[in-house]
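Asker: Input: one structure, supplied below.
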Amino acid sequence: MRTDNDSEPDSVHFDAILMPHRSLPRWGYALLIGGLAGALGLIGLAFWGLGAWPVAGFCGLEVVLVWGAFELNYRSGRVFETLCLDDRILHIARVQPSGRTATWTFEPGWVRVAVVPFGHDHNRLVVASHGKRLHIGAFLSDEERSDLADALNGALIRWRSAPDVI
């Protein structure tokens, strides 16, 4: 491993960006809201013509509520996590939709990565070292968390078996 006074940049042994999956792309979302607004607009106009004008207001309210729910969902989808294992440290950062960033560092020689059961049929990915435990990839599927744990453990094994460079 490199010493602290080494001026050469650290080499990266593992680098991953974790992002939640959104099955409906933005263009699909625009089509959905446009189609819903058009359909409910026609229904509202029909009821307005029949004298049941309050129904038109509720149709508009439905469009606003569906739009708001999707906006909240897309906002929560802007969270992401980065993992970077270099010659010295395992860096983990979580960036919230607001832009606030939390960072953690772990000594690769001591860190342990495990998938632990959570609930009846789910799991959590835990990175632990010296009494610190960090749950990562909460937005990933169980299979994706297991795959990430395998990949990160493999990188840590390679890091630990690499010869020291001074």
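Under the numbering used here, the first residue of the sequence shown carries the number 1, and numbering increases by one thereafter.
We put the beta carbon where it would ideally sit given N, CA and C, even for glycine.
#1: Determine the DSSP secondary structure at Leu18, reduced to helix, strand or coil.
#2: Just checking my contact of Asp150 with Asn123 at CB under 8 Å: how many whole Å lie between their CB atoms?
#3: To which residues of the same chain is Tyr29 closer than 8 Å at the C-beta, ignoring the five residues directly before and after it?
#4: Measure the alpha-carbon distance for Asp147 versus Ile92 and round it to whole angstroms.
#5: Please name the residue, chosen from Gly60, Trp27, Phe106, that lies closest to Ala37 on a Cα-to-Cα basis.
#6: Report all residues from its chain with a CB closer than 6 Å to the CB of Leu83; omit the five preceding and five following residues, and keep chain order.
#7: Go through its chain and collect everything with a Cβ distance to Arg158's Cβ below 8 Å, but skip five positions before and after it.
#8: Just to confirm my understanding: we take Leu11, look at its own chain, exclude 5 residues before and 5 after, and list those with CB closer than 7 Å. What are they?
#9: Please confirm whether Ala128 and Arg112 have their CB atoms less than 8 Å apart.
#10: Terminal residues of the continuous beta strand (DSSP E) containing Asp10?
Answerer: According to the structure data:
#1: Strand, per DSSP.
#2: Beta-carbon to beta-carbon, Asp150 and Asn123 are separated by about 13 Å, too far to satisfy the 8 Å threshold.
#3: Hits under 8 Å: Phe70, Tyr74.
#4: Answer to the nearest angstrom: the Cα atoms are 17 Å apart.
#5: For Ala37, the nearest C-alpha among the options comes from Gly60.
#6: The answer, listed in chain order, is Ala16, Ile92.
#7: Counting only Cβ-Cβ distances below 8 Å, and skipping sequence neighbours, we find His13.
#8: Here residue 11 turns out to be Ser, not Leu, going by the sequence shown. Here the set comprises Asp86, Asp87.
#9: Less than 8 Å divides the Cβ of Ala128 from the Cβ of Arg112.
#10: DSSP places Asp10 in no beta strand (DSSP E); its state is neither H nor E.
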